[in-house]
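Protein chains in written order, with the UniProt record's numbering: chain A, 1 to 335; chain B, 1 to 335. The beta-carbon is built from N, C-alpha and C at its ideal position, and this holds for glycine as well. Just so we're clear, the structure is a prediction, and the values are computed from it rather than from any experiment. All remarks here apply to the structure that follows.
2 protein chains.
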Amino acid sequence: MSPAAQNGANRANVRNSDPTPPRSRDALRAAQMYYLQDLTMNAIARELRTSRSTVSRLLSMARETGLVQIQINNPLDRAPALEREIRNNFGVDAHVVPVTDLVSDSDVLDRVAIQAARTLGPLVDSNAIIGVAWGSTISAVSHHLTRKVTHDSTIVQLNGAGNTQTTGITYASEILRRFGAAYGARVEQFPVPAFFDHAETKTAMWAERSVKRILDLQERMTMAIFGVGSTGSGIPSHVYAGGYLDEEDLAILRRNQVVGDVATVFFRADGSHSDIVLNERSTGPDLGMLQQVRRRICVVSGESKINGLRGALAAGLATDLILDERSARTLVHNS
Amino acid sequence: MSPAAQNGANRANVRNSDPTPPRSRDALRAAQMYYLQDLTMNAIARELRTSRSTVSRLLSMARETGLVQIQINNPLDRAPALEREIRNNFGVDAHVVPVTDLVSDSDVLDRVAIQAARTLGPLVDSNAIIGVAWGSTISAVSHHLTRKVTHDSTIVQLNGAGNTQTTGITYASEILRRFGAAYGARVEQFPVPAFFDHAETKTAMWAERSVKRILDLQERMTMAIFGVGSTGSGIPSHVYAGGYLDEEDLAILRRNQVVGDVATVFFRADGSHSDIVLNERSTGPDLGMLQQVRRRICVVSGESKINGLRGALAAGLATDLILDERSARTLVHNS
DNA sequence: AATCACTTTGCACAAACGTGCACATGCCCC
DNA sequence: GGGGCATGTGCACGTTTGTGCAAAGTGATT
């Protein structure tokens, strides 16, 4: 976000008395003329007595600030086969991001992230309490959020992010900050490590009022947004490589046939999770509690995550699933 | 609408079994990639293995068929002053179409019509019964409707359109047809003249079952769309010039201080209408009944209609008002 | 198989658009 | 009052997009 934009947002937050900042008034007019009346930017420039380039900039501002919302709605009766199949087989609303074989894995992540961010926008409401996990997928999403004005919304961190190494994850807080900025929401960080060394420490901490406040927010979540980690083939995801777990922990995971995690809470292929001891030291949300949340959005990019995803779906963790087409195919056809 | 598009629509109506026509499947993919992933048309063409120009055409198809919906939402707290004032003074939701002094009157009509058509789209739902008036304003609107898939919707004509002269108004049915095509709705015409010569004929006709069917539909309307006629300064609108009324009728209107009409039902500046005898010969809907409709959308373009509009607002005929900025200013400032 | 009517495609060109850059304007702090 | 900084503007250029046109499908009919 440019410093200019930030400044604008701040000014708006300070409930000052000037009725409408002239800049965004013009942006609104321009947007109406461009998107609703089909004028060219040149024509708009003449009417606003400014240059075409300024109009171009007004319009991109209008898009970025969520003044203009572009939605794609495919009437359910003609929803693409893949999305229908996923809904039928797994009971979640699927949003498949079109992608062909020409596209590299990192491009896929980018595209899924952009589309996820755009899909999220319309679902966010005022008075929402939005739980957000951290990880490479959600980080990518956070870079592409479009702004939307809401009142009294809160972003709450789903699981701690501290670890023993220096593997600088300042970015958990960065991710949260971006969500907060996009939706004009309060941000509540969760200042604990991802895993405690001792389950007793967790018990103790969970009794602290400062922590209870966060846990209470989590219980009242109206929406949760998370990726999945997967122990499957290929690159292990952040949690498995970033110094959060030691050799012994990883051995435990293998012995327990863990296939993946959501917000550092682990589960098996069949979705079971209650008897995995590592979860007692994890700061992620109890999955039973997570299942109570009205809207639970899972973002997945890349086939390496399929195993983890299968487990997450078996556990019923998501109500909505945003994933790339390649993964979607694999998910449906090899099941 | 092009013959091609029509053909497509017909094929869709015939509930055939092929799951998804390949053309619109591509359109959906293209739209997602363009609007949700910010790819260029060139990139999309490569992925779809076609030419860029085809992608351009797919995208315009996606827009026209309502696959892509572009909305402009100005958060209420920063709604432009004009719209707020109108809401406060007249109790209707105003949608002001930005227009500057550089623009000619006929251009204004066009722009209001386009924006009205776009604004309408999101409000139309399945199972709707939509009453539609006829007149130059609504005719203009009907040319710009974007398609939207709905089920079991009905378009019903609000008032008769026949007259004694040859002033070829085939266009009442044309207007209706376009609404029907845009929303995939049944069309119910109202095959009566605009005015009967004798009130008794109306009474007789209103007892006919064929007419009753239409009246019944009108009573169950969920939405009504109409312009206003105005006797005020400048050009008299269609009804006053088109051979619907003779000299004597016009004299009656003047004597009764009629300021305008909605769907050929007349009212005075204060909104009163029940004792205007001409209304007993009009085929337009009883205004009391109209007021029961949940959503009543009034489209107005041009300052010459202000007098009529004032009366219509006083009568509480509209819940939503779409009008050009110049008229909006006049409406607010000279009241 | 040939014809016809009609749709769809790619090309080529013109129009419309985004953006780096240099300059203007306003504001704060010294 | 002037220098420094932040913000906004218009120009110029390269890129991206819309569209008329001719050619290539497509499918029904003879």
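### Task
State the Cα-Cα distance for the pair ASP101(B) and THR222(B), rounded to the nearest angstrom.
Taking the second sequence and counting its residues from 1, one reaches residue 101(B) at position 101. Taking the second sequence and counting its residues from 1, one reaches residue 222(B) at position 222. If you take the alpha carbons of ASP101(B) and THR222(B), they lie about 36 Å apart.
### Message
Quick check: the Cα distance between LYS305(A) and VAL108(B), rounded to an integer number of angstroms?
### Response
Taking the first sequence and counting its residues from 1, one reaches residue 305(A) at position 305. Taking the second sequence and counting its residues from 1, one reaches residue 108(B) at position 108. Cα to Cα, the separation comes out at about 55 Å.
### Task
Identify the contact partners of ARG25(A) in chain B, using a Cβ-Cβ distance below 8 Å as the criterion.
As a working note, residue 25(A) is residue 25 in the first sequence. At a C-beta separation below 8 Å, ARG25(A) has these neighbours in chain B: PRO80.
### Task
For the beta strand (DSSP E) holding MET221(B), just list the boundary residues, first then last.
The sequence position of residue 221(B) within the second sequence is 221, counting from 1. Note, MET221(B): premise wrong, no beta strand (DSSP E); not H, not E.
### Query
Any beta-carbon of chain A closer than 8 Å to the one on LEU67(B)?
Numbered from 1 along the second sequence, position 67 holds the residue referred to as residue 67(B). Chain A, which has a Cβ nearer than 8 Å to the Cβ of LEU67(B), makes this yes.
### Query
Residues of chain B with a CB under 9 Å from the CB of GLN291(A): which are they?
Within the first sequence, residue 291(A) is the residue found at index 291, counting from 1. Proximity of chain B to GLN291(A) at the Cβ level (cut-off 9 Å) is not reached, the minimal Cβ distance being about 29 Å.
#### Entry: Start-end ranges of the beta strand (DSSP E) lying completely within the region 173-200 of chain B, minimum 3 residues
Within the region 173-200 of chain B, the complete beta strand (DSSP E) runs of at least 3 residues are 186-188.
### Query
Are at least three pairs of beta-carbons, each pair with one atom in the region 262-270 of chain B and one in the region 138-152 of chain B, less than 8 Å apart?
Not touching, per the Cβ criterion.
#### Entry: Three or more C-beta pairs below 8 Å linking the region 270-279 of chain B and the region 311-322 of chain B
Enough Cβ pairs lie closer than 8 Å, so yes.
### Query
Who are the neighbours of MET61(B) on chain A, taking C-beta pairs under 9 Å?
By 1-based counting over the second sequence, the position of residue 61(B) is 61. Under the 9 Å cutoff, chain A gives no residues; its nearest Cβ is about 13 Å from MET61(B).
### Query
Does any C-beta atom of chain A lie closer than 8 Å to the C-beta of ASN127(B)?
Along the second sequence, read from residue 1 onward, the residue named residue 127(B) stands at position 127. Answer no: the Cβ-Cβ gap between ASN127(B) and chain A never drops below 8 Å.
### Task
Could you check what DSSP says for PRO32(A) in three-state terms: helix, strand or coil?
Numbered from its first residue, the first sequence carries residue 32(A) at position 32. Note on identity: in this sequence residue 32(A) is Gln, with Pro being the wrong assignment. In the three-state reduction of the DSSP assignment, GLN32(A) falls in the helix class, which pools H, G and I.
### Task
Say whether the region 113-129 of chain A touches the region 34-44 of chain B, bearing in mind that this needs 3 or more beta-carbon pairs closer than 8 Å, one atom from each stretch.
Result yes; three or more Cβ-Cβ pairs closer than 8 Å.
#### Entry: Between the CA atoms of ARG310(A) and VAL228(A) - distance to the nearest angstrom
Here residue 228(A) refers to the residue found at position 228 when the first sequence is read from its first residue. Here residue 310(A) refers to the residue found at position 310 when the first sequence is read from its first residue. Rounded to the nearest angstrom, the two C-alpha atoms are 10 Å apart.
### Query
Under the DSSP definition of a beta bridge, which residues are partnered with GLN115(A)?
Sequence index remark: in the first sequence, residue 115(A) carries index 115 (1-based). The beta-bridge partner set that DSSP reports for GLN115(A) is empty.
### Task
Mind listing the chain A neighbours of GLN189(B)? Cutoff is C-beta to C-beta under 9 Å, in chain order.
The sequence position of residue 189(B) within the second sequence is 189, counting from 1. Within chain A, no residue has its beta carbon less than 9 Å from that of GLN189(B); the closest one is some 27 Å off.
### Message
When you compare the CB positions of LEU28(B) and ASN89(A), do they come within less than 8 Å of one another, or not?
### Response
What you label residue 28(B) is simply residue 28 of the second sequence in a count that begins at 1. What you label residue 89(A) is simply residue 89 of the first sequence in a count that begins at 1. Using a Cβ distance threshold of 8 Å, LEU28(B) and ASN89(A) do not count as a contacting pair.
### Task
For ASN202(B), count neighbouring C-beta atoms within 10 Å of its own C-beta (all shown protein chains included) and say buried if the count is 16 or more, exposed if not.
Numbered from 1 along the second sequence, position 202 holds the residue referred to as residue 202(B). For clarity, residue 202(B) is Lys in the given sequence; the question names Asn instead. The residue is buried, with at least 16 neighbouring Cβ atoms inside 10 Å.
### Task
Give the straight-line distance between the Cα atoms of ALA45(A) and THR65(B), rounded to the nearest whole angstrom.
If you number the first sequence from 1, residue 45(A) lands on position 45. If you number the second sequence from 1, residue 65(B) lands on position 65. Approximately 29 Å between the Cα atoms of the pair.
### Query
Exposed or buried, what is ARG152(B) when buried is set at 16 or more other beta-carbons lying within 10 Å of its beta-carbon?
Locating residue 152(B) in the second sequence gives position 152, counting from the first residue. At residue 152(B) the sequence reads Asp, which differs from the Arg that was named. The residue is exposed, with fewer than 16 neighbouring Cβ atoms inside 10 Å.
### Message
On the DSSP letters alone, give me the boundaries of the beta strand (DSSP E) that ILE72(B) sits inside.
### Response
As a working mapping, residue 72(B) is identified with position 72 in the second sequence. For ILE72(B), the enclosing beta strand (DSSP E) begins and ends at 68-72.
### Task
Kindly say whether ASN7(A), judged by its beta-carbon, lies nearer than 8 Å to any beta-carbon of chain B.
The residue labelled residue 7(A) in the question sits at position 7 within the first sequence. For ASN7(A), the pLDDT reaches just 37, beneath the cut-off of 50, and the residue's location in the model is therefore unreliable, although a value from the coordinates is still provided. Chain B, which has no Cβ nearer than 8 Å to the Cβ of ASN7(A), makes this no.
### Query
Taking just the CA atoms, how far does MET33(A) sit from ARG281(B)?
Within the second sequence, the letter at position 281 stands for residue 281(B). Within the first sequence, the letter at position 33 stands for residue 33(A). For ARG281(B) and MET33(A), the distance between alpha carbons rounds to 42 Å.
### Message
Determine, for ILE252(A), whether the minimum Cβ-Cβ distance to residues of chain B falls below 8 Å.
### Response
Here residue 252(A) is taken as the residue at index 252 of the first sequence, counted from 1. The beta-carbon of ILE252(A) is placed no less than 8 Å from the nearest beta-carbon of chain B.
### Query
Would DSSP call ALA94(A) helix, strand or coil?
Walking along the first sequence from the start, residue 94(A) turns up at place 94. ALA94(A) falls in the strand class under three-state DSSP.
### Message
Out of ALA328(A), HIS333(A), VAL124(A), which one is the CA nearest neighbour of VAL92(A)?
### Response
Locating residue 92(A) in the first sequence gives position 92, where the first residue counts as 1. Taking each of ALA328(A), HIS333(A), VAL124(A) in turn and checking the Cα distance to VAL92(A), the smallest one comes out for ALA328(A).
### Query
Does ASP93(A) come within less than 8 Å of chain B when only Cβ atoms are used?
Here residue 93(A) refers to the residue found at position 93 when the first sequence is read from its first residue. Output row for ASP93(A): interface = no.
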